[in-house]
Each structure stands twice: as C-alpha cells, then as structure tokens.
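Residue numbers (the numbering used here), protein chains in the order written: chain S, 613 to 807; chain U, 613 to 807. Built from N, CA and C at the ideal position, the CB exists for glycine as well. None of these values were measured; they are calculated from a predicted model. Heads up: the structure comes next, in structure tokens.
There are 2 protein chains.
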Amino acid sequence: MTREAVLDSRQEILRTAARLFQQRGYDATSMNDVAAALKLSKGGLYHHFQSKDEILFEIMNHAMDLTQERVLAPVGNIADPEERLRALIRLHIEVVLSPRDREITVMLHENHPLPPGLRKRINQRKKEYVHYVESLMADVQKVRRAKGSVSPRAAAFALLGMINWIYQWYKPEGNLQTNNLVPQFTEMVFGGILA
Amino acid sequence: MTREAVLDSRQEILRTAARLFQQRGYDATSMNDVAAALKLSKGGLYHHFQSKDEILFEIMNHAMDLTQERVLAPVGNIADPEERLRALIRLHIEVVLSPRDREITVMLHENHPLPPGLRKRINQRKKEYVHYVESLMADVQKVRRAKGSVSPRAAAFALLGMINWIYQWYKPEGNLQTNNLVPQFTEMVFGGILA
Chain S
613 MTREAVLDSR QEILRTAARL FQQRGYDATS MNDVAAALKL SKGGLYHHFQ SKDEILFEIM
673 NHAMDLTQER VLAPVGNIAD PEERLRALIR LHIEVVLSPR DREITVMLHE NHPLPPGLRK
733 RINQRKKEYV HYVESLMADV QKVRRAKGSV SPRAAAFALL GMINWIYQWY KPEGNLQTNN
793 LVPQFTEMVF GGILA
Chain U
613 MTREAVLDSR QEILRTAARL FQQRGYDATS MNDVAAALKL SKGGLYHHFQ SKDEILFEIM
673 NHAMDLTQER VLAPVGNIAD PEERLRALIR LHIEVVLSPR DREITVMLHE NHPLPPGLRK
733 RINQRKKEYV HYVESLMADV QKVRRAKGSV SPRAAAFALL GMINWIYQWY KPEGNLQTNN
793 LVPQFTEMVF GGILA
C-alpha cells in the first residue's frame, strides 16, 4: 500500500469506530464490533491500532488535526483581529457541523478516562486552542476599545461553550443550520442577545 | 426508616455513584464498586436501585430536580424579564458550580446511552428547560427592543452552551469562580465580548 492508502484506511477505521462509539457507547463497543463493521479480521484491525484506547486517542487527535487545518491555519493569514475572530467562529462551527467529520469531532467530548499519557497529549492540544482564542479575544477587545467588563479568558470559554455545545442540540433536519447559525452566534459574540 | 431517611440514603447513593462514575468512567464502575464505596452489601444497594442504568437515570433526574428547585422556582417569582434572565444566569451557574452537587449535575452530560424509555424522560425535562429559556429570551428581547439579528432559540442554546460547558474547564483553584464568572457571563449575554 502507498502511504496515502495507509492513511486513508486508518481514517476510515477512525470514522467507523467513532460512529459505533456514538451509537452504542464507547464501552459497549468491542474491537470485534469495529473490525466487523469494517469487514476486517481482528488481526487486520490490530495491525493498525493496538487497543480501543489507542483508537479513541487517535480519533481525538484527528479531531484536533482537523481544527488545526481548517480553523487555525486559515485564520492565521488574516491580519485584522476582528476579521480573524469572525473567521474563527465560522470555521469552527463548520468543522463541528461537517457531515463528514461530525462523528470525529464529537468524540472530543467523550468522558471515558484515557490512560494518563494519552490524556495529557490531548489536553495539551485543547489547551493550546483555548489560549489561541483567549489571545484573539484580547486583541479584538483592544482594537475595538471594549469597556473591560469581560476578560479574554471568560470570553474564550463562553465562545467555546457556545460552539462545542452544538452537538447536544443539533438536528440535521432542524431550522438552525450553519448558514443561519454562523451569523447569529457571531452577532451574539460581538453584541450579545440584544444585537 | 422514616421517609426522610430513605430519601437521604437514596441521595447519598446517587452522590457516591456520580463521583465514582466521573473518576473511573461509567462503564468501568460496577454495582459492586458502588456498594463497596458506600459500605453497603450488594443486596442493600439493589434494595434501592435495580440496575446501574437506573442509578444513572436517577442521578440525571435528581440533577433536573435541582434545576427545578434552585433555578426555575425562584426565577418564577420575578416579574421583570431582564431581571428574571439575570437571576437565571446566576442561579444556573451556582447550581453547576455547587461543590455539594457538581458531581450530580455533571452527569447530565454523560454520553452513555440509556434505555429508550428512561432517555425519553430525561430528554423531555431537558427540552422543557430549553423552552423556558427560549421564551424568556424572547421576552427580554421584546422589552429591550433588540434589533432582531439573534433568534430566541439560538440565544437560548448559546447561553446553555456557555453555562453547561463550564464543567469542561472549571478548576476549584482557578481564577474564574462563581463571584466573577456570573457578572462576566451576564455582561456577555446582554452586550457581547465588547461590553
């Protein structure tokens, strides 16, 4: 197999496993279930991943890769802080609602305790994202001369809560979709519910 | 035992089970573990709860009772919509950060799939709370003559995301505590991050 084909089959395993974990729960899904859903032998699956915890970690790590590629990389090219924040809100919501990757990014919120070494690596990546958003909030508040009643850190946590919570209520057939959610959440971040 | 003593011991079981579920994960915690932590015989535990799913359901149900008693009941007495929303934000954050009940309310976000009948009952109670907040947002926007770029529903989901996400980042030793978080989140809801 080429390196691309190996990468593709790893990602297919992660996507299938993520879907099963959400449908049945992480603990109720066995390595056998994952292998069967992929029409792989158990040996074939273990060739790629040594344990279910490794699969969960790699799903979470892939979700952070997606955030890096589709949110942080593009906004890094935008000089104006306010435009950068507007782009981050839009791109982060797009990743969270992406039909292809929704099952991957949702797994960032799985409560199953990972082995300490793996948990530390994911938490480090999550922390870096929080710090990026916090520092962006500070830049926006500075150029827009905010009155100062909201700290950049509280603002960052509020924004991440608004966006990361979407998976709890989102319905593919509902009225709130990316196209109308992005402008509403953006308005709220800049002007609150009275905007 | 009096009715009060039975209620107390049920609540002690729920609180202990919630703590174990969070430390070890829901699936990794057995009924034996719960009984041992309470110094109860397995029979003593099964006298109160027939299964682990029933315990999880009752934890979630108790969390919704706390929301009813400590958020919805008190705000129901406030006539002015803006004051009612300010009180709801404060009281909801206080419930989420209550040292005594934090382990109970966090379990509302446990992803383990409950049997359909139980899941339906919890989802119904969660939905009623969302609808209450949505209708309160509409009232506030009306009296404050909001410009109309944010729908009450998107505003309700944003607020619930901000507050319910707190458990993901909150640290008892951190700088953000109830006393400074409440005014900052309130400012953001009414005026955004530039307030």
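- Within chain U, the C-beta atoms nearer than 7 Å to that of Glu799 (chain S) come from Ser761, Val762, in chain order.
- Comparing alpha carbon positions, the residue from S:Leu788, S:Leu700, S:Met643 closest to Glu681 (chain S) is S:Leu700.
- By the Cβ neighbour-count rule, Gln789 (chain U) is exposed, with fewer than 16 other Cβ atoms within 10 Å of its own.
- Relative to Val718 (chain U), the option among U:Leu632, U:Ser621, U:Asp620 whose CA is nearest is U:Leu632.
- Scanning its chain for C-beta atoms nearer than 8 Å, with the 5 sequence neighbours on each side dropped, one finds around Met800 (chain S) the residues Met774, Ala807, in chain order.
- Here Val755 (chain U) is exposed, its C-beta having fewer than 16 other C-beta atoms within 10 Å.
- The beta carbon of Arg636 (chain U) sits closer than 8 Å to the beta carbons of Asp645 from its chain, once the five residues preceding and following it are set aside; these are given in chain order.
- Taking 9 Å as the cut-off between beta carbons, the residues of the segment 615–647 of chain S near chain U are Phe633, Gln634, Gln635, Arg636, Gly637, Tyr638, Asp639, Ala640, in sequence order.
- Listed along chain S, the residues sitting closer than 9 Å to Leu788 (chain U) by beta-carbon distance are Ser763, Arg765, Ala766, Phe769.
- For Trp781 (chain S), the three-state secondary structure derived from DSSP is helix.
- In this structure, Pro727 (chain S) and Asp639 (chain S) do not form a Cβ contact; the two beta carbons are roughly 15 Å apart against a cut-off of 8 Å.
- Contact with chain S is found for Met774 (chain U), since one of that chain's Cβ atoms lies less than 7 Å from the residue's Cβ.
- Secondary structure note for Leu793 (chain U): its alpha helix (DSSP H) is the uninterrupted segment 790–803.
- Secondary structure within the segment 707–781 of chain S: the alpha helix (DSSP H) runs of 4 or more consecutive residues, fully enclosed, are 714–718, 728–755, 764–776, 778–781 (chain order).
- The three-state reading of DSSP puts Asp665 (chain U) in helix, counting H, G and I together.
- Residues of the segment 718–738 of chain S with a C-beta atom less than 7 Å from some C-beta of chain U are Glu722, Asn723, His724, Pro725, listed in chain order.
- Residues Ile671, Glu715, Ile716, Met719 of the same chain have their beta carbon placed closer than 7 Å to that of Ala630 (chain S), with the five preceding and five following residues left out of the count.
- None of the residues of the segment 689–714 of chain S has a beta carbon lying less than 7 Å from any beta carbon of chain U.
- Spatial neighbours of Pro711 (chain U) in its own chain (CB-CB distance under 8 Å, excluding positions within 5 residues in sequence) are listed in chain order as Pro784.
- Remark: C-beta atoms of Gly760 (chain S) and Gly804 (chain U) do not approach each other more closely than 7 Å.
- One alpha carbon belongs to Ala691 (chain U), the other to Leu697 (chain U), and they sit about 11 Å apart.
- DSSP, read as helix, strand or coil, puts Thr679 (chain S) in helix.
- Closer than 7 Å to the CB of Ala807 (chain S) there is at least one CB belonging to chain U.
- Residue-level contact check: Phe669 (chain U) does not touch chain S, since none of the beta carbons of chain S fall below 7 Å from its beta carbon.
- Between the alpha carbons of Arg733 (chain U) and Leu684 (chain S) lies a gap of roughly 40 Å.
- At a cut-off of 7 Å, the C-beta of Arg756 (chain U) has a neighbouring C-beta in chain S.
- Boundaries of the alpha helix (DSSP H) around Asn644 (chain S): 643–649.
- Within the same chain, Ile625, Met643, Val646, Ala647, Leu650 come within 8 Å of Leu657 (chain S) by CB-CB distance, once the 5 residues on both sides are set aside.
- With 16 or more neighbouring CB atoms inside 10 Å of its own CB, Thr641 (chain U) falls in the buried class.
- Of all alpha-carbon atoms in U:Pro764, U:Leu709, U:Ser763, the one lying nearest the alpha-carbon of Trp781 (chain U) is that of U:Leu709.
- About 16 Å separates the CB atoms of Leu772 (chain S) and Val794 (chain S); that is not less than 8 Å, and the two are not in contact.
- Per DSSP, the continuous alpha helix (DSSP H) segment holding Leu657 (chain S) begins and ends at 654–660.
- For Asn673 (chain S), the three-state secondary structure derived from DSSP is helix.
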